[in-house]
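Student: A single structure is presented below for examination.
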Amino acid sequence: MAGLEDLFTESLMAIRSATSALASVGSLKALPDERLVEAQRTVADARRALDSSASMIAGEIQHRSRPELGYSGLAQRQGFRTPEKLVQFATGSTARDAAALVTVGALIHDAEAAASPDGRGDATEVREPWLLAVGRAVASGALGVDAAQAIRTGLGRPGADGGVTVAQLDGAALTLLREASTLNADALLQRARQLRDDLDVAGVAEREQQLRDERSIRRYRRPNGLSRYVIDPDIETAAFLDDLYDHTTSPRRSTVAFHSDDDRAWADSVSRDTRTTNQFVHDTFIDLLRLAVGSDSPATRRLIGSRQPSVRVLVSAVALDSGHGVGRIEGITTPVSLATVERMACAHGTVQVAFDTGGNPLDLGREQRLFTPRQRIALAARDGGCLFPGCDRPPSWTEAHHIDHWQRDHGRTDIDRGVLLCRHHHMLVHNNGWEIRNDGDGFQLIPPIAIDPSQTPRVMPTKSAALRDLLGADSADIDNRRQKTLQPA
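Residue numbers (this note's numbering): 350 to 838.
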């Protein structure tokens with residue numbers, strides 16, 4: 350297995366060779382077709398080698414952050430919840446790409462351990478022994494991270510009942526490695542699934558259960574600050590959703606004959622609706638959800654409890670009175686118009702929360718230990734979520750933390766002595782010696798000596814766009830301050 354430094358050097362040399370004559374778009378236009386395509390291949394080879402180095406590093410970060418190490422793990426000591434978060438911060442990549450580097454890095458780590466002559470491990474101790482050859486291929490630069498992920502996902506795991514063995518999957522992996530040079534990552538995934546199906550015709554029930562076990566709705570943060578929800582259904586749910594989608598959009602496809610007057614009127618209204626099909630399906634699905642959660646039936650209460658899902662919109666009285674400004678929905682960075690604020694206020698009512706110039710309402714001193722619901726509303730409006738630098742947890746995922754500890758410092762339950770922290774960072778602050786102070790100019794995070802011997806304060810800027818609107822804060826200045834400090838999450 351090539352050494353990390355050798356791979357890195359070879360990668361840089363390949364990149365220099367591929368780009369030496371490509372200083373501008375103009376030089377690219379001068380290349381003949383064959384040279385242009387060859388340059389693309391050369392850069393792809395170099396990138397694959399660099400990705401190999403990056404995944405090796407990510408695998409070692411994962412190893413030093415493994416769960417059994419607890420808060421003494423590398424990622425945890427640095428203030429990150431997971432090694433993937435640390436890798437994402439270090440690379441500036443997406444969460445998906447960081448997760449891929451860590452996953453494939455673990456394959457490389459296991460392959461190295463299995464081949465090590467010093468007894469660090471063997472193939473029976475690694476997590477996915479049928480992928481040892483895949484790990485070695487990535488380490489050598491022969492296989493890219495995306496291709497390795499495709500093989501891993503497509504082959505799956507051995508059958509619990511012995512239907513598909515480790516040896517069979519190992520053979521399938523070798524077949525895929527031989528074919529990988531002629532297949533892109535998407536085609537490699539399909540081929541891996543085909544090989545798995547060929548091996549396990551009798552395992553339909555098991556694969557069906559696996560799909561059911563993998564069912565999920567995942568939430569990602571989009572660049573515009575809004576969330577994207579990705580649904581991975583099981584087989585039955587996929588069929589239900591497909592039928593609902595097809596039924597909802599059928600009037601636009603003219604594939605169904607509607608016999609009753611009501612159905613024909615509905616179909617006509619759908620056909621004439623000015624929304625795009627995607628917009629129409631979105632609104633229909635959300636309306637169905639709102640109807641369901643708005644029901645007071647016992648079944649609804651069993652699923653979501655007695656508390657109805659709510660949306661809190663924040664706006665300054667100055668903006669409302671003047672008619673100039675924007676509103677902010679709690680947990681969302683993208684502003685909304687005052688017309689939307691007024692519509693929501695008309696439908697759901699309002700609660701006033703008064704802020705002084707420092708943003709510190711509703712102090713309780715030491716008469717009460719826990720922050721009250723109204724204080725939590727004020728903290729959410731002021732902090733905008735977990736205040737730990739770089740954390741993206743919204744207010745609903747947070748706990749109120751006394752920066753002057755209740756027992757140790759005889760802290761007061763006052764707004765200016767409390768911050769919102771997610772569960773992970775709340776435990777990190779208490780367990781690993783991080784401190785938070787408020788010197789009158791905002792909150793600052795003080796790392797433990799083990800992380801930063803100089804204990805240089807790190808700013809904790811508010812994540813509440815509504816409070817920045819209210820206080821007239823300079824968003825660019827806040828962003829500049831944020832970029833000057835470590836942002837673990």
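C-beta atoms are modelled at their ideal positions from N, C-alpha and C, and glycine is treated no differently. Computed from a predicted model, the values in this text were never measured in an experiment.
So the alpha helix (DSSP H) L481 belongs to, where does it begin and stop?
Tutor: Element bounds for L481: L481 to S489.
Student: From which residue to which residue does the beta strand (DSSP E) around T391 run?
Tutor: No beta strand (DSSP E) holds T391; the alpha helix (DSSP H) holding it covers D382 to R413.
Student: Assuming P432 and I410 make a contact with CB atoms under 8 Å, what is their CB distance in whole Å?
Tutor: Contact flag correct, Cβ pair sits at about 5 Å.
Student: Which of helix, strand or coil does DSSP assign to F429?
Tutor: Looking at F429 - three-state DSSP - the assignment turns out to be coil, as it is neither helix nor strand.
Student: To which residues of the same chain is V619 closer than 6 Å at the C-beta, ignoring the five residues directly before and after it?
Tutor: Excluding residues within five positions, the ones whose Cβ falls inside 6 Å are P600.
Student: Have a look at R772 and V778 and give me their C-alpha separation to the nearest angstrom.
Tutor: One C-alpha to the other measures close to 10 Å.
Student: As a quick exercise: from R501, R527 and G512, pick the residue whose alpha carbon is nearest that of A491.
Tutor: The shortest Cα separation from A491 among R501, R527 and G512 belongs to R527.
Student: Taking only three categories from DSSP, how would you classify V451?
Tutor: V451 falls in the helix class under three-state DSSP.
Student: Quick check on Q804: does DSSP put it in helix, strand or coil?
Tutor: Coil, per DSSP.
Student: What residue does the beta strand (DSSP E) around A749 start on, and which one ends it?
Tutor: Segment T747 to H751, the beta strand (DSSP E) holding A749.
Student: Taking A393 as the reference, give the member of D495, L794, F792 and A462 with the closest Cα.
Tutor: Residue D495 is the option with its Cα nearest to A393.
Student: Using a Cβ-Cβ cut-off of 8 Å (strictly less than) and excluding sequence neighbours within five positions of P806, which residues of its own chain qualify?
Tutor: Once the five neighbours on either side are set aside, the close Cβ partners of P806 are R786, Q793, L794 and I795.
Student: If you draw a straight line from the C-alpha of E679 to the C-alpha of R817, how long is it?
Tutor: Approximately 13 Å between the Cα atoms of the pair.
Student: Here's a check: name, in chain order, each residue in its chain whose Cβ is nearer than 6 Å to the Cβ of G734, leaving out the five neighbours to either side.
Tutor: Counting only Cβ-Cβ distances below 6 Å, and skipping sequence neighbours, we find R742, P743, P744 and K812.
Student: Bridge partners of S565, per DSSP?
Tutor: Paired residues: D581.
Student: Considering only the beta carbon of each residue, do A447 and A407 sit closer than 9 Å?
Tutor: The answer is yes: Cβ separation under 9 Å.
Student: What are the residues that DSSP puts in a beta bridge with S842?
Tutor: In the structure as shown, the chain starts at 350 and stops at 838, and residue 842 therefore has no counterpart that could be examined.
Student: Would you mind reading off the limits of the alpha helix (DSSP H) that contains F629?
Tutor: Here the alpha helix (DSSP H) through F629 covers T626 to V642.
Student: So, are the CB atoms of R426 and A799 less than 9 Å apart?
Tutor: Result yes, Cβ atoms of R426 and A799 sit closer than 9 Å.
Student: Quick one: does T721 have its CB under 9 Å from some CB of chain B?
Tutor: In the structure shown, chain B cannot be found, because there is only a single protein chain.
Student: What is the residue span of the alpha helix (DSSP H) that E784 lies within?
Tutor: Note, E784: premise wrong, no alpha helix (DSSP H); beta strand (DSSP E) at E784 to N787.
Student: Please classify T514 as buried or exposed, where buried requires at least 16 other C-beta atoms within 10 Å of its C-beta.
Tutor: The residue is exposed, with fewer than 16 neighbouring Cβ atoms inside 10 Å.
Student: Which residues in the same chain as D400 place their Cβ atom closer than 7 Å to its Cβ, once the five residues preceding and following it in sequence are excluded?
Tutor: So the list reads G493 and V494, once near-sequence residues are dropped.
Student: Leaving out the 5 sequence neighbours to the left and right, which residues in its chain are closer than 8 Å to L423 when beta-carbon positions are compared?
Tutor: Taken in chain order, the residues that qualify are I410, R413, S414, P432 and L435.
Student: Please name the residue or residues paired with T685 in a DSSP beta bridge.
Tutor: According to the sequence displayed, residue 685 carries Val and not Thr. The partner list for V685 (beta bridge, DSSP) reads G676.
Student: Is G733 helix, strand or coil by DSSP?
Tutor: It is coil, neither helix nor strand.
Student: Going by DSSP in three states, L492 sits in which element: helix, strand or coil?
Tutor: L492 falls in the coil class under three-state DSSP.
Student: Are the CB atoms of A449 and L504 nearer to each other than 9 Å?
Tutor: Going by C-beta atoms, A449 is not nearer than 9 Å to L504.
Student: If you follow the alpha helix (DSSP H) that L777 is part of, which residue opens it and which one closes it?
Tutor: Note, L777: alpha helix (DSSP H), R772 to N781.
Student: Using beta-carbon positions only, say whether A729 and T747 come within less than 9 Å of one another.
Tutor: Yes.
Student: By the 10 Å Cβ neighbour count, where 16 or more other Cβ atoms means buried, how is E754 classified, buried or exposed?
Tutor: The question names Glu, but residue 754 in the sequence shown is His. Exposed, by the Cβ-count rule.
Student: Does DSSP classify I457 as helix, strand or coil?
Tutor: The answer is helix: DSSP assigns I457 an H, G or I state.
Student: Report the partner residues of F792 according to the DSSP bridge assignment.
Tutor: Its beta-bridge partners are N787.
Student: Relative to the alpha-carbon of R568, which residue among G574, D562 and V579 has its alpha-carbon at the smallest distance?
Tutor: Comparing Cα positions, the closest option is V579.
Student: With DSSP run on the structure shown, which of helix, strand or coil describes G503?
Tutor: Reduced to three states, the DSSP call for G503 is helix.
Student: A497 and V475: beta carbons closer than 9 Å?
Tutor: No. Outside cutoff.
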